[in-house]
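Engineer:
There are 2 protein chains.
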Amino acid sequence: MREPKLVVIGGDAAGMSAASKVRRTHPEREIVVFEQGEHTSYAACGMPYYIAGEIEGHEKLIARKPEVFREKQNIDVRIQHRVEAIDTNAKTVSVTNLKTGESFDEKWDQLLIATGAAPVRPPITGLKGAKGVFSLSILQTGIDVFTDIETHHPKTAVVVGGGYIGIEMAEALLARGLKVTLIDMAPQVMTTMDSELAEKISSYMKDEGINVMLKEKLSEIECGDNGRVKAVVTEKHRLEADIVILGLGVKPRSELAEMAGIKLGDSGAIAVNSKLETSAVGVWAAGDCAESFHRVSGEQVHIALGTIANKHGAIAGTNISGGDAKFPGVLGTAITKFNRLEIARTGLSEKEAKKLKVAYETATTSSRTRSGYYPGSAEITVKLLVRKASGELLGGQIIGFEGSGKRIDTIAAAITGGLTANDLTYADLSYAPPFSPVWDPVQICARKLV
Amino acid sequence: MREPKLVVIGGDAAGMSAASKVRRTHPEREIVVFEQGEHTSYAACGMPYYIAGEIEGHEKLIARKPEVFREKQNIDVRIQHRVEAIDTNAKTVSVTNLKTGESFDEKWDQLLIATGAAPVRPPITGLKGAKGVFSLSILQTGIDVFTDIETHHPKTAVVVGGGYIGIEMAEALLARGLKVTLIDMAPQVMTTMDSELAEKISSYMKDEGINVMLKEKLSEIECGDNGRVKAVVTEKHRLEADIVILGLGVKPRSELAEMAGIKLGDSGAIAVNSKLETSAVGVWAAGDCAESFHRVSGEQVHIALGTIANKHGAIAGTNISGGDAKFPGVLGTAITKFNRLEIARTGLSEKEAKKLKVAYETATTSSRTRSGYYPGSAEITVKLLVRKASGELLGGQIIGFEGSGKRIDTIAAAITGGLTANDLTYADLSYAPPFSPVWDPVQICARKLV
Numbered sequence: 002m003r004e005p006k007l008v009v010i011g012g013d014a015a016g017m018s019a020a021s022k023v024r025r026t027h028p029e030r031e032i033v034v035f036e037q038g039e040h041t042s043y044a045a046c047g048m049p050y051y052i053a054g055e056i057e058g059h060e061k062l063i064a065r066k067p068e069v070f071r072e073k074q075n076i077d078v079r080i081q082h083r084v085e086a087i088d089t090n091a092k093t094v095s096v097t098n099l100k101t102g103e104s105f106d107e108k109w110d111q112l113l114i115a116t117g118a119a120p121v122r123p124p125i126t127g128l129k130g131a132k133g134v135f136s137l138s139i140l141q142t143g144i145d146v147f148t149d150i151e152t153h154h155p156k157t158a159v160v161v162g163g164g165y166i167g168i169e170m171a172e173a174l175l176a177r178g179l180k181v182t183l184i185d186m187a188p189q190v191m192t193t194m195d196s197e198l199a200e201k202i203s204s205y206m207k208d209e210g211i212n213v214m215l216k217e218k219l220s221e222i223e224c225g226d227n228g229r230v231k232a233v234v235t236e237k238h239r240l241e242a243d244i245v246i247l248g249l250g251v252k253p254r255s256e257l258a259e260m261a262g263i264k265l266g267d268s269g270a271i272a273v274n275s276k277l278e279t280s281a282v283g284v285w286a287a288g289d290c291a292e293s294f295h296r297v298s299g300e301q302v303h304i305a306l307g308t309i310a311n312k313h314g315a316i317a318g319t320n321i322s323g324g325d326a327k328f329p330g331v332l333g334t335a336i337t338k339f340n341r342l343e344i345a346r347t348g349l350s351e352k353e354a355k356k357l358k359v360a361y362e363t364a365t366t367s368s369r370t371r372s373g374y375y376p377g378s379a380e381i382t383v384k385l386l387v388r389k390a391s392g393e394l395l396g397g398q399i400i401g402f403e404g405s406g407k408r409i410d411t412i413a414a415a416i417t418g419g420l421t422a423n424d425l426t427y428a429d430l431s432y433a434p435p436f437s438p439v440w441d442p443v444q445i446c447a448r449k450l451v
Numbered sequence: 002m003r004e005p006k007l008v009v010i011g012g013d014a015a016g017m018s019a020a021s022k023v024r025r026t027h028p029e030r031e032i033v034v035f036e037q038g039e040h041t042s043y044a045a046c047g048m049p050y051y052i053a054g055e056i057e058g059h060e061k062l063i064a065r066k067p068e069v070f071r072e073k074q075n076i077d078v079r080i081q082h083r084v085e086a087i088d089t090n091a092k093t094v095s096v097t098n099l100k101t102g103e104s105f106d107e108k109w110d111q112l113l114i115a116t117g118a119a120p121v122r123p124p125i126t127g128l129k130g131a132k133g134v135f136s137l138s139i140l141q142t143g144i145d146v147f148t149d150i151e152t153h154h155p156k157t158a159v160v161v162g163g164g165y166i167g168i169e170m171a172e173a174l175l176a177r178g179l180k181v182t183l184i185d186m187a188p189q190v191m192t193t194m195d196s197e198l199a200e201k202i203s204s205y206m207k208d209e210g211i212n213v214m215l216k217e218k219l220s221e222i223e224c225g226d227n228g229r230v231k232a233v234v235t236e237k238h239r240l241e242a243d244i245v246i247l248g249l250g251v252k253p254r255s256e257l258a259e260m261a262g263i264k265l266g267d268s269g270a271i272a273v274n275s276k277l278e279t280s281a282v283g284v285w286a287a288g289d290c291a292e293s294f295h296r297v298s299g300e301q302v303h304i305a306l307g308t309i310a311n312k313h314g315a316i317a318g319t320n321i322s323g324g325d326a327k328f329p330g331v332l333g334t335a336i337t338k339f340n341r342l343e344i345a346r347t348g349l350s351e352k353e354a355k356k357l358k359v360a361y362e363t364a365t366t367s368s369r370t371r372s373g374y375y376p377g378s379a380e381i382t383v384k385l386l387v388r389k390a391s392g393e394l395l396g397g398q399i400i401g402f403e404g405s406g407k408r409i410d411t412i413a414a415a416i417t418g419g420l421t422a423n424d425l426t427y428a429d430l431s432y433a434p435p436f437s438p439v440w441d442p443v444q445i446c447a448r449k450l451v
């Protein structure tokens with residue numbers, strides 16, 4: 002019997018993880034990957050650090066090049082090929098070769114949609130075609146920002162949006178010596194964090210030299226005669242800018258699936274079950290274009306993160322290979338930093354718990370990353386949420402200096418294991434003066450809830 | 002009704018945590034603490050870093066002084082008072098005031114034994130009375146070592162024992178400019194770690210300038226005419242030494258309890274139930290003198306660590322106050338470092354699993370602490386043990402550079418929650434290039450077991 006042919010749409014984390022997984026278990030199967038860009042398997046999350054000049058050369062961000070997939074893994078990766086449509090009855094995709102303009106149909110027996118997500122670009126005056134205005138998405142846009150800085154030597158920057166990309170790009174541009182203003186329409190930065198912690202983040206950013214302006218809604222991009230951005234106009238202010246970064250979040254690239262009659266979820270991302278199967282037989286979806294089950298809220302959510310995309314890819318690949326793997330869901334865990342301040346979160350925030358009408362209790366404690374007397378001991382703030390009455394952990398947020406952020410994993414593992422605040426308080430976590438106070442900061446917070 | 006009078010024997014972590022807990026819930030109760038030394042509530046684990054000169058002044062290691070307990074918490078702390086005997090029938094302790102030589106009996110209604118542990122000092126020739134030979138235990142011994150270095154300016158040191166204290170003191174003496182030899186009678190350092198990881202630790206220590214000699218059994222301490230140590234003699238070698246540190250482990254100070262007819266466990270430490278009650282009515286034991294339930298092996302073990310002592314103290318204090326708290330047990334979690342190499346372990350080692358005849362599988366992986374392209378990314382080695390068939394996590398060991406050690410808490414929380422290797426692989430742990438590769442190193446190892 003002929004082995005089923007796999008077509009993958011999208012050659013980044015989810016798509017290439019799945020393709021590699023299938024290749025490992027099926028050395029002979031035909032696997033074709035269509036990627037509309039020029040790169041495969043690159044570390045999109047590394048772009049701000051490359052732009053900052055901390056990583057030399059964008060090549061370092063590329064985990065594996067298309068030719069390596071082709072030569073070492075016999076995966077037929079075709080870059081600069083855009084899939085225009087999916088036909089789930091005929092089991093074909095219509096493809097355009099962007100180099101030659103040629104169009105063709107490709108048959109598949111199994112299809113994986115891994116089309117990723119696209120940055121949100123609001124329909125405001127002056128944005129379209131404006132030079133010096135960037136949204137980070139694929140690797141090429143990172144290279145474009147880097148090249149723009151090298152070529153145009155911008156002095157002032159406006160970063161629109163105070164989420165992960167926004168604060169990482171504010172850090173990067175500050176490191177490059179620019180005068181940076183960060184604006185957000187919300188009353189806080191980092192809306193995945195609760196406001197009192199976000200307040201500490203923006204206060205630190207200000208101390209480090211960022212002009213943080215909140216409740217500022219972008220209304221216009223003003224360009225010069227040369228078509229290059231001159232200023233960002235909000236409803237209240239006009240901010241001069243030689244370069245502008247838009248970090249307004251992403252939306253799933255789910256149009257292809259939708260046009261093919263494949264079901265989308267309420268989030269707008271492709272609906273999948275725990276095996277990452279879509280509503281169409283023989284069609285999987287994985288990564289930033291697909292939904293995930295949220296282990297705490299029980300809802301289907303859209304969270305576009307590399308770590309989820311890789312796990313999706315591994316699970317989809319296993320199932321496409323005939324295995325039986327289930328994706329257990331996400332907690333919304335995320336981590337970033339601004340200069341020395343580490344920022345991390347997992348599970349439900351207080352805001353989310355309120356929206357979901359979950360009865361909760363919460364505590365916030367400030368303590369030290371190491372024993373107080375040990376050199377390098379620094380402040381760490383931990384906030385925990387537990388279910389009222391049962392004490393079951395629902396979520397956590399951390400901000401603090403060196404050694405703070407990754408402590409979120411202790412909380413994430415505790416939530417995954419169904420631990421209560423009491424369980425966490427008396428869990429046998431590690432202690433030595435260079436690493437922690439006797440009660441780890443997450444336990445100090447948990448203990449306050451007991 | 003008169004409130005019961007609490008007497009605590011031992012004024013360090015466990016004793017003072019319990020006394021403070023009782024005071025918080027009972028502002029009026031009579032609480033008397035007898036401490037034979039001069040200090041209360043100090044950070045014993047900080048002594049090597051104080052000796053290294055990284056922490057200025059031993060006062061910084063004292064969390065709370067006796068007079069503070071007396072004045073702020075109305076706890077009657079009596080330093081330099083040694084308890085000589087416990088009478089569980091008469092409900093008294095016999096006490097000697099070491100300053101005056103005076104002896105007296107003190108009544109109690111409730112008694113907490115928190116006598117700690119004492120360093121093992123083997124019965125070898127020349128050790129007794131030898132000057133310049135130290136075992137770290139109470140704060141005063143740390144001050145003695147510091148003073149000795151300042152006064153005698155030793156050039157060569159021999160550290161006997163390659164456990165936690167041994168490698169921390171080797172680091173400290175190296176930092177002070179001494180030529181350091183570390184000997185251990187075992188074929189590896191750090192016997193709580195498996196041998197292949199211990200090999201990497203000793204190899205790093207050698208690279209950093211420590212003369213590590215294994216399978217060397219101490220046989221004699223050789224002193225000069227002035228009574229000061231000249232050399233350490235093993236069965237194979239004679240090693241010149243101006244100062245000697247013994248890090249041969251500790252034994253529980255359980256003699257008082259034993260003499261009073263209170264039951265000891267097989268480990269020699271005081272047997273307690275999960276409420277930290279001893280075999281005698283109205284008598285609790287906590288900290289380094291008491292046993293703990295091991296959550297993975299199910300055995301009663303003796304592990305002398307500050308983090309356990311503090312938790313014991315909190316649980317005993319709650320129960321003495323009339324509450325109902327249970328100590329859930331330990332995993333044997335521990336962390337330390339030698340220079341930049343971080344070392345951590347939790348749960349069962351392979352060695353322990355073999356001894357317990359547990360059917361296990363194991364994997365060891367080397368990966369990076371951060372994304373490979375991110376500055377400061379360094380090597381980390383993770384070893385995991387799971388129960389065969391079920392995949393349930395049994396233990397983990399980590400060695401690596403900055404950011405490695407505290408990842409043991411993710412494994413400890415996962416074991417506490419009963420997670421399998423598959424659960425850990427797909428747990429939503431945090432990722433961003435400055436903090437982690439896309440799959441966290443602990444997940445890379447877990448994934449190998451799936």
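Taken in sequence, the protein lines are chains V and S. All residue numbers in the first sequence are consecutive under this note's numbering, ending with 451. All residue numbers in the second sequence are consecutive under this note's numbering, ending with 451. Note that CB positions come from ideal geometry on N, CA and C, so glycine has one too.
1. Taking beta-carbon pairs under 9 angstroms, can you tell me which members of the region 408-428 of chain V lie near chain S?
2. Would you kindly work out how many angstroms separate the C-alpha atoms of residue 62 (chain V) and residue 237 (chain S), rounded to a whole number?
3. Counting pairs of beta carbons, one from the region 426-446 of chain S and one from the region 408-425 of chain V, are three or more of them closer than 8 angstroms?
4. Identify which residue in S:266, S:239, S:115, S:363 has its Cα closest to the Cα of residue 349 (chain S).
5. May I ask you to report which of helix, strand or coil DSSP gives residue 252 (chain S)?
6. Please compile the residues from chain V whose C-beta is within a distance smaller than 8 angstroms of the C-beta of residue 540 (chain S).
7. Is the region 267-284 of chain V close to the region 239-250 of chain V, with three or more CB pairs under 8 angstroms?
8. Closer than 8 angstroms is the cut-off here; do at least three beta carbon pairs connect the region 124-136 of chain V with the region 194-207 of chain V?
9. Are the C-beta atoms of residue 22 (chain S) and some chain V residue less than 8 angstroms apart?
10. Within 8 angstroms of any Cβ in chain S, is that where the Cβ of residue 46 (chain V) sits?
11. Just curious, the alpha helix (DSSP H) that residue 153 (chain S) is in, first and last residue?
12. Between the region 157-178 of chain S and chain V, which residues of the former have a C-beta closer than 9 angstroms to a C-beta of the latter?
13. Tell me the residue span of the beta strand (DSSP E) that contains residue 348 (chain S).
14. From residue 121 (chain S) to residue 60 (chain V), what does the alpha carbon distance come to, in whole angstroms?
15. Does residue 336 (chain V) come within less than 8 angstroms of chain S when only Cβ atoms are used?
16. By the three-class DSSP mapping on this structure, what secondary structure does residue 179 (chain V) have?
17. Check the Cβ of residue 61 (chain S) against every Cβ in chain V and list those closer than 7 angstroms, keeping chain order.
18. What does the alpha-carbon distance come out to for the pair residue 9 (chain S) and residue 451 (chain S)?
19. Relative to chain S, which residues along the region 129-149 of chain V have a C-beta separation below 8 angstroms, given in chain order?
20. Does residue 212 (chain S) come out as helix, strand or coil in the three-state DSSP assignment?
21. Restricting to Cα atoms, I'd like to know which of V:177, V:88, V:242, V:266 is closest to residue 161 (chain V).
22. Would you kindly work out how many angstroms separate the C-alpha atoms of residue 70 (chain S) and residue 145 (chain S), rounded to a whole number?
23. Which runs of the alpha helix (DSSP H), 4 residues or longer, sit entirely within the region 381-410 of chain V?
24. Quick one: grab the DSSP three-state call for residue 114 (chain S).
25. Sort S:422, S:150, S:417 by Cα distance to residue 420 (chain V) and report the nearest one.
26. Enumerate in chain order the residues of its own chain whose CB-to-CB distance from residue 327 (chain V) is below 8 angstroms, with the five nearest sequence positions on each side excluded.
27. Could you tell me the alpha carbon to alpha carbon distance between residue 225 (chain S) and residue 301 (chain S), rounded to whole angstroms?
28. Please list, in chain order, all residues of the same chain as residue 368 (chain V) whose beta carbon is under 7 angstroms from its beta carbon, the five residues on each side excluded.
29. Under 8 angstroms, do residue 77 (chain S) and residue 42 (chain S) count as touching if we go by C-beta distance?
30. Output, in chain order, the set of chain S residues within a Cβ distance shorter than 7 angstroms of residue 435 (chain V).
31. What span of residues does the alpha helix (DSSP H) with residue 52 (chain V) cover, start to end?
32. Which full runs of the beta strand (DSSP E) of 3+ residues lie inside the region 56-106 of chain V, going along the chain?
33. Grab the span of the alpha helix (DSSP H) containing residue 446 (chain S) for me, first residue to last.
34. Determine the DSSP secondary structure at residue 237 (chain V), reduced to helix, strand or coil.
35. Would you tell me roughly how many angstroms separate the C-alpha atoms of residue 131 (chain V) and residue 222 (chain V), rounded to the nearest one?
36. Can you tell me whether residue 153 (chain S) is buried or exposed? The criterion is at least 16 other CB atoms within 10 Å of its CB, across all chains shown.
Structural biologist: From the atom records:
1. 408, 409, 410, 411, 412, 413, 414, 415, 416, 417, 418, 419, 420, 423, 424, 425, 426, 427, 428
2. 54 angstroms
3. yes
4. S:363
5. strand
6. Here chain S comprises residues numbered 2 to 451, so residue 540 (chain S) is not present and cannot be evaluated.
7. no
8. no
9. no
10. yes
11. 140-153
12. 165, 169
13. 342-348
14. 56 angstroms
15. yes
16. coil
17. 374
18. 49 angstroms
19. none
20. strand
21. V:242
22. 25 angstroms
23. none
24. strand
25. S:417
26. 275, 276, 316
27. 44 angstroms
28. 381, 438, 442, 445
29. no
30. 338
31. 48-52
32. 77-80, 82-88, 93-98
33. 442-450
34. coil
35. 8 angstroms
36. exposed
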